[in-house]
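*Asks:* Mind looking over this structure? Questions follow.
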Amino acid sequence: MKYDVVVVGAGTAGLVSAALLAHQGKRVALVEKHPYLGGRAMEHRHEGHQIGLGSHLVEDPGDSLTRVCELIGVPMEHSKQSDSMPFWDNGRWAPIQEHYSGQAKVGLKRCIQALTDMSYDDIDRLDHLSMREWMARHTNEEGAYLVWEAISILEQITDKWYDHSASENLYVRKMHYEMRRTAGYSFWPMGGWEKLWKDIAARFEQLGGTVMLSTKVDRIRIENGAVTGVDIRSSDTPKGGAGEVIEADQVVVNAPVWDLLRLFDDGALPFNLRQRIEMLADNRNKACWIGYWIAAKEPVIAMSEREMASFQSSPRTGLGGFTLNFTGYDPSVSPSGEYLTCAGVAFDATERYADKDWIDRKFHEFWLDIEDMMPAAKGALWKKPHLVTTYGVINKPGLVGAVRPDAEVREIEGLYLTGDTTRSRGIGIDKAARSAITTSEVVLGRRLAHFDGTVRY
Ligand SMILES: Cc1cc2nc3c(=O)[nH]c(=O)nc-3n(C[C@H](O)[C@H](O)[C@H](O)COP(=O)(O)OP(=O)(O)OC[C@H]3O[C@@H](n4cnc5c(N)ncnc54)[C@H](O)[C@@H]3O)c2cc1C
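Residues in the sequence shown are numbered consecutively from 28, following our numbering.
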């Protein structure tokens, strides 16, 4: 089998890269080890509800995944967008606006103006800094800090002032202010994620692409400093038997940093790149939270059905977090008359990654907090606890931007990387899609005019 390009992994970035490259006339094979599409943004069903695992909150100001779908001809309908940002403080929910009246509002406006005056290249120089340190150049108002830090809890799952990365957060704020004249908003793709991933894969096949599910790439073949293909193993490969080889001069790897190194022979990757991948893949550098999926007969919310709600400290856990009511965005994700909410609190993996007793205690405390903060939870039909350790590499100062692997491994001809753990900006799915646009353009060796105005590298 010989293809122009093999894409390893059918997560957001793998699907987007494969579809864009096929659209531009490349013969592409998309190889995914799982039987499903979407990677960390896969969807599963529970008690009749559609749980989009990797998507409590989707922030795409319209120029990344949305624009990809436009180009390749896949319909993607946005739900109505979020309509409020409640924030929990002093034992009650209040609109975030209450926290930045008066001088805080003036301070926030100064920050917005300074951000508008900066270029994205300027922001790239802030990878070492916290957002509060950057904001303090323009205001000393706590209320102003609070607004953008509350959004950072929702987006980046960071909850300490020194962990909110300046570059990562300012990129997202600037994109939203410039494209949507707002700090940020959330929406849901109508019909859910599985539908969207399947639609993109079907379009990719129409464009001549080949999708191989339940097929694992064991190794990327490199000879004389150039990629020659991949070794694959599918569910049909006999145990201990030899897999197959797919030949290709170009390979795009979507596997996240924690799966990346096992794809290469020892010493195949440049030393410096290997070191950075090992550092980023360390469990203590992951964004982690504990949370509950909650189904109830009435919406389990803070203030409104399409809110993006957050808090810096829930009463018992002392941890910052979020809550989002999916059914308010797309009623079709739940059985009629039921509502699906997700609520979570972030924790610091450097301190607590494998601390089972502490995590069990926090689960217990958090449920009591949820009942106090959103009393409709007391009537829950069911609640499903979840511990998340694969949201992504945490976007803290020093772990974002240039330290991440670039789209092209220049030392090895034909080897490219893509996904949210590589060098990109945005959050989650949006970030993965932006990285895939960049990677596709690097593979093609030219910019795609359709993405003029899109923020990517
Ligand atoms: C619980 C949870 C909640 C989240 N919430 C949000 C949210 O609210 N909003 C948001 O925007 N983002 C959210 N995210 C993050 C978002 O899901 C990810 O940022 C995004 O899906 C990453 O896409 P990706 O393509 O970079 O990587 P991935 O989705 O990880 O894709 C990589 C793919 O490569 C495959 N692969 C790896 N190794 C091999 C191999 N050897 N052979 C073949 N295939 C291989 C994997 O199986 C996977 O399918 C959440 C994530 C989780 C886990």
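C-beta atoms are modelled at their ideal positions from N, C-alpha and C, and glycine is treated no differently.
1) Leaving out five residues before and five after S241 in sequence, what residues of the same chain have Cβ atoms less than 8 Å from its Cβ?
2) Let's see if you can read the secondary structure: which residues bound the alpha helix (DSSP H) around G170?
3) Measure the alpha-carbon distance for T350 versus A404 and round it to whole angstroms.
4) Mapping DSSP to helix, strand and coil, what is I139?
5) Which runs of the beta strand (DSSP E) at least 3 residues long sit entirely within the region 270 to 307? Give them in chain order.
6) Tell me the DSSP bridge mates of L367?
7) Leaving out five residues on either side along the sequence, give the residues of the same chain with a beta carbon under 7 Å from the beta carbon of A308.
8) Since V469 sits in a beta bridge, which residues does DSSP pair it with?
9) Am I right that Y204 and I139 are in contact with their C-beta atoms under 8 Å? What's the rounded C-beta distance?
10) Determine the DSSP secondary structure at D245, reduced to helix, strand or coil.
11) Can you give me the start and stop residues for the alpha helix (DSSP H) that M162 sits inside?
12) Which term fits K324, buried or exposed, when burial requires 16 or more other beta carbons within 10 angstroms of its beta carbon?
13) Closer than 7 Å: is that where the CB of D286 sits relative to any heavy atom of ligand 1?
14) Could you tell me how far apart the beta carbons of I464 and V43 are, in whole angstroms, since I believe they sit closer than 8 Å?
15) Counting only beta-carbon separations shorter than 8 Å, does K313 have a partner in chain B?
16) Taking 8 Å as the threshold (C-beta atoms), are H73 and K411 in contact?
17) Please report the straight-line C-alpha distance between T264 and T417, rounded to a whole angstrom.
18) Starting from A56, follow its DSSP beta bridges and name the residues at the other end.
19) Over the uninterrupted beta strand (DSSP E) stretch that includes F338, give me the two end residues.
20) Identify whether L408 lies in helix, strand or coil by the three-state DSSP scheme.
21) Would you list the residues sitting across from D116 in a DSSP beta bridge?
22) What is the rounded straight-line gap between the Cα of L296 and the Cα of L84?
23) So is R431 buried or exposed if we call it buried at 16+ other beta carbons inside 10 Å?
24) Can you give me the C-alpha to C-alpha distance between A131 and E160, rounded to a whole angstrom?
25) Can you determine whether any heavy atom of ligand 1 sits closer than 7 Å to the C-beta of R67, and answer yes or no?
26) So, using beta-carbon positions, are F298 and I247 closer together than 8 Å?
*Replies:* Looking at the atomic coordinates:
1) E59, K60, H61, P62, S261, S262
2) 169 to 183
3) 12 Å
4) helix
5) Taken in chain order, the complete beta strand (DSSP E) segments of 3 or more residues contained in the region 270 to 307 are 271 to 280.
6) A322
7) V284, W285
8) Bridge partners of V469: none, in fact.
9) Right, the Cβ-Cβ distance comes to about 6 Å (below 8 Å), so this counts as a contact.
10) Three-state result, D245: strand.
11) 158 to 162
12) exposed
13) yes
14) 7 Å
15) Included in the structure is just one protein chain, with no chain B present.
16) Closer than 8 Å, so yes.
17) 28 Å
18) V33, T237
19) 336 to 338
20) In the displayed model, L408 falls within coil according to three-state DSSP, outside both helix and strand.
21) R119
22) 35 Å
23) buried
24) 16 Å
25) Checking the Cβ of R67 against ligand 1 gives yes.
26) no
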